Amino acid sequence: MDYNEFCAEYEGFARGLCLLGKEVGAELKMPEEDPLYNAGVMSRGGAAAPDISLVNGRQVKEGFECAKKAHPEMSDEELKAQMVFFVLQARGADLSYEKNGNDVLFGDVTRNRFYAAQVFGDIVGNTNYCAKHIGNMQLITLEDKGDAMPRKTEDCKSFVAHIPAAERQEMFLKRGLYHESVHAALGTDDERKCDVFALLKVMKEHPKYAKEVFEVFNYQRSQINHTVNEIHNAKDVDRAVKSGVMTYVMPKTYAALRKYAENPERIPATDKDILKLTYEMTAKPEFSHGELKEFVGAVRKEPIDKKALAATAVMRACQEQGAGMSRYIAAEKMRTAQRQVGGR
Numbered sequence: 000m001d002y003n004e005f006c007a008e009y010e011g012f013a014r015g016l017c018l019l020g021k022e023v024g025a026e027l028k029m030p031e032e033d034p035l036y037n038a039g040v041m042s043r044g045g046a047a048a049p050d051i052s053l054v055n056g057r058q059v060k061e062g063f064e065c066a067k068k069a070h071p072e073m074s075d076e077e078l079k080a081q082m083v084f085f086v087l088q089a090r091g092a093d094l095s096y097e098k099n100g101n102d103v104l105f106g107d108v109t110r111n112r113f114y115a116a117q118v119f120g121d122i123v124g125n126t127n128y129c130a131k132h133i134g135n136m137q138l139i140t141l142e143d144k145g146d147a148m149p150r151k152t153e154d155c156k157s158f159v160a161h162i163p164a165a166e167r168q169e170m171f172l173k174r175g176l177y178h179e180s181v182h183a184a185l186g187t188d189d190e191r192k193c194d195v196f197a198l199l200k201v202m203k204e205h206p207k208y209a210k211e212v213f214e215v216f217n218y219q220r221s222q223i224n225h226t227v228n229e230i231h232n233a234k235d236v237d238r239a240v241k242s243g244v245m246t247y248v249m250p251k252t253y254a255a256l257r258k259y260a261e262n263p264e265r266i267p268a269t270d271k272d273i274l275k276l277t278y279e280m281t282a283k284p285e286f287s288h289g290e291l292k293e294f295v296g297a298v299r300k301e302p303i304d305k306k307a308l309a310a311t312a313v314m315r316a317c318q319e320q321g322a323g324m325s326r327y328i329a330a331e332k333m334r335t336a337q338r339q340v341g342g343r
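If you read the sequence shown in numbering that gives the first Met the number 0, its first letter stands for residue 0, the second for the next number, and so on.
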């Protein structure tokens with residue numbers, strides 16, 4: 000399925016999931032919390048805004064390129080911010096480039112700067128959701144990958160290269176949409192819930208390639224360098240945990256998902272039952288408090304002792320899932336431009 004066709008067909012999916020979440024909310028099993036794993040990740044307790052839109056990044060990018068040619072006197076930052084305002088206005092936001100562009104959002108960051116650096120960047124080149132500083136709505140963005148291949152292509156190529164490109168594209172777009180829709184529609188920062196729902200649904204809809212799509216994300220989730228770096232550099236570990244960064248660590252959850260990848264006929268037939276199963280599978284923290292404390296302690300060391308980190312129960316489980324130690328320790332400890340302007 001073409002990217003444009005996909006965005007048109009699935010534009011309302013997240014809003015439907017939001018309604019489903021409200022309908023069955025009392026039936027969903029709420030998770031046990033651990034202060035070093037998932038404390039606070041459900042604190043939003045439902046969608047931050049029920050008005051959720053999927054944005055066609057290809058169209059926005061094309062609009063930006065046309066605007067650059069038509070208005071050479073304007074900087075890229077101005078044009079990018081303006082494109083975001085157009086996206087929001089088309090969805091009913093009472094915000095405008097002329098009236099609100101110089102609003103100071105935090106520190107010395109203006110709305111124009113935030114929109115140009117963070118929101119526009121997500122719209123045209125990232126799979127994400129956005130709910131900050133855009134009015135009473137949320138946006139879901141999907142990366143427009145022309146080659147229909149997953150990230151870490153060289154590592155994952157063997158899993159999916161034989162799948163027809165059109166179906167491969169559809170599966171990965173669905174997985175991204177379903178994952179981000181759980182964030183937006185259910186108001187959670189628990190990455191496990193997003194992964195479980197998304198994979199179960201994609202594997203149900205594409206049973207012929209259930210094992211292949213599972214292996215891609217099983218491998219990618221075994222690479223927890225993002226969590227290691229975020230916890231290592233965090234000024235406030237509690238705040239980092241609340242953001243959901245520890246819930247990217249989910250080797251046991253993927254071990255449980257494997258049986259559905261191998262037998263996709265066991266996946267429930269309806270979104271309602273897939274959602275219930277998702278909450279059941281993520282009802283407990285991934286590790287004991289002692290194991291989490293051991294891991295966080297090793298990660299917080301300066302410098303990180305790779306041997307000590309590799310010996311933790313958490314890291315051993317991730318390595319068994321498919322990772323290698325060399326991928327965990329990033330050479331750079333710099334704050335990214337995204338974080339500097341308040342992104343996730």
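For glycine and all other residues, C-beta sits at the position ideal for the given N, C-alpha and C.
Keep in mind the model is a prediction, meaning the values are calculated, not measured.
message = Helix, strand or coil, according to DSSP, for S52 in the structure here?
response = Working through the sequence shown from its first residue, we reach residue 52 at position 53. In this structure, DSSP gives S52 an extended state, which the three-state scheme calls strand.
ask   = Skipping 5 residues on each side, what residues in its chain have a beta carbon closer than 7 angstroms to that of T226?
value = Indexing the sequence shown from 1 puts residue 226 at position 227. Only V244, M245, Y247, V248 meet the Cβ criterion.
ask   = Which first and last residues belong to the beta strand (DSSP E) in which Q137 is found?
value = Position 138 of the sequence shown, counted from the start, is the residue given in the question as residue 137. Note, Q137: beta strand (DSSP E), 137 to 140.
task = Would you be able to state if there are at least three C-beta pairs under 8 angstroms between the segment 215 to 230 and the segment 267 to 283?
result = No: the two stretches stay apart, fewer than three of their Cβ pairs being nearer than 8 angstroms.
ask   = Between which two residues does the beta strand (DSSP E) carrying V103 extend?
value = For the purposes of this step, residue 103 is identified with residue 104 of the sequence shown, where counting begins at 1. Start and end: 103 to 105.
request  = With a floor of 3 residues, list each beta strand (DSSP E) that falls wholly inside the segment 238 to 321, ordered by position along the chain.
outcome  = List check, beta strand (DSSP E) in window: nothing returned.
For N127, the three-state DSSP class (helix, strand or coil) = Here residue 127 corresponds to residue number 128 of the sequence shown, with the count starting at 1. Secondary structure of N127 (DSSP, three-state): strand.
ask   = Does the distance from the C-beta atom of A13 to that of S180 stay below 7 angstroms?
value = Against the sequence shown, residue 13 aligns to sequence position 14. Against the sequence shown, residue 180 aligns to sequence position 181. For the 7 angstroms CB-CB criterion, A13 and S180 form a contact.
request  = Flag this pair as yes or no: are the beta carbons of K283 and E31 separated by less than 7 angstroms?
outcome  = In the sequence shown, residue 283 corresponds to position 284, counting from 1. In the sequence shown, residue 31 corresponds to position 32, counting from 1. Cβ distance < 7 angstroms, so K283 and E31 count as in contact.
query = Does the beta-carbon distance from F119 to V83 come in below 7 angstroms?
reply = Indexing the sequence shown from 1 puts residue 119 at position 120. Indexing the sequence shown from 1 puts residue 83 at position 84. Going by C-beta atoms, F119 is nearer than 7 angstroms to V83.
inquiry  = Is the separation between the beta-carbon of K210 and that of A160 shorter than 7 angstroms?
reply    = In the sequence shown, residue 210 corresponds to position 211, counting from 1. In the sequence shown, residue 160 corresponds to position 161, counting from 1. For K210 and A160, no; Cβs fall outside 7 angstroms.
request  = Buried or exposed for K300, please, with buried defined as at least 16 other CB atoms from any protein chain shown within 10 angstroms of its CB.
outcome  = Looking up residue 300 in the sequence shown gives position 301. Burial is judged here by how many other beta carbons sit within 10 angstroms of a residue's own beta carbon; K300 has fewer than 16 and is exposed.
task = Round the Cβ separation of V40 and D189 to the nearest angstrom and send it over; I've been treating them as touching at under 8 angstroms.
result = Counting from one through the sequence shown, the residue named residue 40 turns up at place 41. Counting from one through the sequence shown, the residue named residue 189 turns up at place 190. Rounded, the Cβ-Cβ distance is 4 angstroms, consistent with contact.
request  = Please state whether DSSP places V212 in a helix, a strand or coil.
outcome  = Here residue 212 is taken as the residue at index 213 of the sequence shown, counted from 1. Reduced to three states, the DSSP call for V212 is helix.
query = Thinking just about the alpha-carbon of each residue, which of T187, K200, A297 is nearest to the one in P267?
reply = Within the sequence shown, the letter at position 268 stands for residue 267. Of T187, K200, A297, the residue nearest in Cα terms is K200.
request  = Measure the alpha-carbon distance for K203 versus K98 and round it to whole angstroms.
outcome  = Translated into the one-based positions of the sequence shown, residue 203 becomes position 204. Translated into the one-based positions of the sequence shown, residue 98 becomes position 99. So the two alpha carbons sit approximately 47 angstroms from each other.
message = Short of 8 angstroms in beta carbon distance, which residues of its chain neighbour P163, apart from the five on each side in sequence? Order them along the chain.
response = Residue 163 sits at position 164 when you count from the first residue of the sequence shown. Once the five neighbours on either side are set aside, P163 has no close Cβ partner at all.
query = Just how far apart, CA to CA, sit N262 and F171?
reply = Taking the first residue of the sequence shown as 1, we reach residue 262 at position 263. Taking the first residue of the sequence shown as 1, we reach residue 171 at position 172. If I take the Cα positions, the gap works out to 20 angstroms.
query = Between A197 and Y177, which are expected to be in contact by the criterion C-beta below 8 angstroms, what is the C-beta distance as a whole number of angstroms?
reply = On the sequence shown, position 198 is the one that residue 197 refers to. On the sequence shown, position 178 is the one that residue 177 refers to. That pair is a contact at about 4 angstroms.
request  = Thinking T140 and V54 are a contact (beta carbons under 8 angstroms), I'd like their distance in whole angstroms, please.
outcome  = Here the question's residue 140 lines up with position 141 in the sequence shown. Here the question's residue 54 lines up with position 55 in the sequence shown. By a beta-carbon distance limit of 8 angstroms, T140 contacts V54. Their separation comes to about 5 angstroms.
Cutoff 6 angstroms; reference G175; Cβ partners in own chain excluding five residues on either side = On the sequence shown, residue 175 is found 176 positions in, with the first residue counted as 1. The residues are T126, L141.
request  = Can you say whether A46 is buried or exposed, counting buried as having 16 or more other CB atoms within 10 angstroms of its CB?
outcome  = The residue labelled residue 46 in the question sits at position 47 within the sequence shown. In this prediction, A46 scores a pLDDT of 45, lower than 50, which makes its location untrustworthy; no coordinate-derived value is stated.
F213 to Q318 span [Cα, whole Å] = Counted from its first residue, the sequence shown places residue 213 at position 214. Counted from its first residue, the sequence shown places residue 318 at position 319. Each residue's alpha carbon lies about 17 angstroms from the other.
ask   = What is the DSSP secondary structure of T109, reduced to helix, strand or coil?
value = Locating residue 109 in the sequence shown gives position 110, where the first residue counts as 1. Looking at T109 - three-state DSSP - the assignment turns out to be strand.
inquiry  = Quick check: the Cα distance between C155 and Y208, rounded to an integer number of angstroms?
reply    = Against the sequence shown, residue 155 aligns to sequence position 156. Against the sequence shown, residue 208 aligns to sequence position 209. The alpha-carbon atoms of C155 and Y208 are separated by roughly 14 angstroms.
query = Below 7 angstroms between beta carbons: does that hold for M29 and E169?
reply = As a first step, residue 29 must be located in the sequence shown, where it is residue number 30. As a first step, residue 169 must be located in the sequence shown, where it is residue number 170. No. Outside cutoff.
request  = Using the Cα positions of D121 and Q88, report the straight-line distance between them to the nearest angstrom.
outcome  = For the purposes of this step, residue 121 is taken as residue 122 along the sequence shown, with counting starting at 1. For the purposes of this step, residue 88 is taken as residue 89 along the sequence shown, with counting starting at 1. If you draw a straight line from the Cα of D121 to the Cα of Q88, it comes to about 18 angstroms.
query = CA-CA distance, Y114 and D50?
reply = Walking along the sequence shown from the start, residue 114 turns up at place 115. Walking along the sequence shown from the start, residue 50 turns up at place 51. For Y114 and D50, the distance between alpha carbons rounds to 19 angstroms.
key: Beta-carbon gap between R90 and S52 smaller than 7 angstroms   = The count along the sequence shown starts at 1 and reaches residue 90 at position 91. The count along the sequence shown starts at 1 and reaches residue 52 at position 53. For R90 and S52, yes; Cβs fall inside 7 angstroms.
ask   = Three-state secondary structure (DSSP) at G145?
value = Position 146 of the sequence shown, counting from 1, holds the residue named residue 145. G145 sits in coil when the DSSP states are folded into three classes, being neither helix nor strand.
Euclidean distance between Cα positions of C129 and D235 = By 1-based counting over the sequence shown, the position of residue 129 is 130. By 1-based counting over the sequence shown, the position of residue 235 is 236. Computed Cα separation, rounded: 23 angstroms.
query = Hey, out of K79, R191, I223, whose CA is closest to V295's CA?
reply = Walking along the sequence shown from the start, residue 295 turns up at place 296. Closest by alpha carbon: I223.
task = Please work out which residues of its chain come closer than 6 angstroms, Cβ to Cβ, to K251, disregarding the five sequence neighbours upstream and downstream, and give them in chain order.
result = Along the sequence shown, one-based indexing puts residue 251 at 252. Once the five neighbours on either side are set aside, the close Cβ partners of K251 are E285.
request  = Report yes if the C-beta distance between L308 and A297 is below 7 angstroms; otherwise report no.
outcome  = Locating residue 308 in the sequence shown gives position 309, counting from the first residue. Locating residue 297 in the sequence shown gives position 298, counting from the first residue. Contact flag set, yes.
ask   = I think F20 touches A184, with their Cβ atoms under 8 angstroms apart; what is that distance to the nearest whole Å?
value = Here residue 20 corresponds to residue number 21 of the sequence shown, with the count starting at 1. Here residue 184 corresponds to residue number 185 of the sequence shown, with the count starting at 1. The sequence shown places Gly at residue 20, not Phe. Between G20 and A184 a beta carbon distance of about 6 angstroms is seen, short of the 8 angstroms cut, so the two are scored as contacting.
key: Entirely enclosed beta strand (DSSP E) segments - the segment 20 to 100, minimum 3 residues   = Qualifying beta strand (DSSP E) stretches, in chain order: 51 to 54.
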